[in-house]
Amino acid sequence: MPTVSVDGVTVAYGDGQPVLQDVSLVVEPGRMVAVCGRSGAGKTTLLSTIAGLLRPREGVVALDGVPLRDRDHAVAQRVVLIPQDNGLATFLTAGENVEVALLANGVAPPDARRRTGEALERLGLAAQRDQLVEELSGGQQQRTAIARGVALRGDVLLADEVTSELDAATRQIVLDLLREEANRGAVVVFATHDSEAAAVCDAELHLVDGRAELVRTQPLPVEPGRTGLVR
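Residue numbers (my numbering): 2 to 232.
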């Protein structure tokens, strides 16, 4: 599993003013980091940059020291993004949205079917497996997107406001799933405005007007001398 490093990254859309300014972040395998801030603070932009969807104007995003080139490179390095808008195909069922993603990533059909069922069941969507996405509620669509992201078992999992439409019980299930991903060694970066959800993460990076302003971090529970989660 790779270490993700964001080093002095500044990002702008076109010729506009920077949305992120000189942001740095290091996340080691097995850690879960919350990126916090108000709407417009730059949370989605930071996750999109780590996912290879945006290219920094300045600075570098790297996986184990290798600069990330673009989205294709990120996908090849098993970087999975659960977007805020879900990114689901409305003309497919919930199950098909998950299974097609697994097949596209080289998972054998029997395993894809099994992992799809397991992920949907964990998120309380077993009964909606054969239901079209356009027929699902907003919360069910959000859970389907989360099921797809978790089923992919990426080395880096980026989750953008994935608890925003969920009740307290379902939010806890999602947070537990994200923690399980970290426990198996993945890097998990979770953008949220929910302070209670952020509090269960190993660290918090706070963005204010595109700048990293405050960090909370817990020490790594590993061998002496290994330090540095967020900087």
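Glycine included, each C-beta is placed from N, C-alpha and C at the ideal position.
As the structure is a prediction and not an experimental result, all values here were calculated from the model.
task = On the DSSP bridge assignment, give the partners of M33 in chain order.
result = V189
query = Exposed or buried, which one is N87 when buried takes at least 16 other CB atoms within 10 Å?
reply = buried
inquiry  = Quick check on this structure: which residue in S165, T94, L153 and D73 has the alpha carbon closest to the alpha carbon of D131?
reply    = T94
ask   = If you run the structure through DSSP and keep just helix, strand and coil, what is T91?
value = coil
key: Option in V34, R149, D8 and R32 with minimal Cα separation from A120   = R149
request  = Keeping to the same chain, check which residues put their C-beta closer than 7 Å to that of L126; ignore five residues upstream and five downstream.
outcome  = A95, Q141, R144, T145 and A148
request  = Please classify L179: does DSSP put it in a helix, a strand, or coil?
outcome  = helix
query = Are the CB atoms of A13 and R56 nearer to each other than 8 Å?
reply = no
inquiry  = Using only CA atoms, which one of F92, L104 and C37 lies nearest to V134?
reply    = F92
query = E29 to V188, Cα distance in whole Å?
reply = 6 Å
query = What are the start and end residues of the alpha helix (DSSP H) that includes T46?
reply = K44 to I51
request  = Might you give, ordered along the chain, the residues of its own chain that have their beta carbon closer than 7 Å to the beta carbon of L103, omitting 5 neighbours on each side?
outcome  = A113, R116, T117, A152 and L153
request  = Tell me, please, which residues DSSP counts as bridged to P19.
outcome  = A13
key: CB of L48 within 8 Å of CB of V163, strictly   = no
query = Residues bridged to E59 by DSSP?
reply = T11
message = If you reduce the DSSP assignment to three classes, tell me which class R212 lands in.
response = strand
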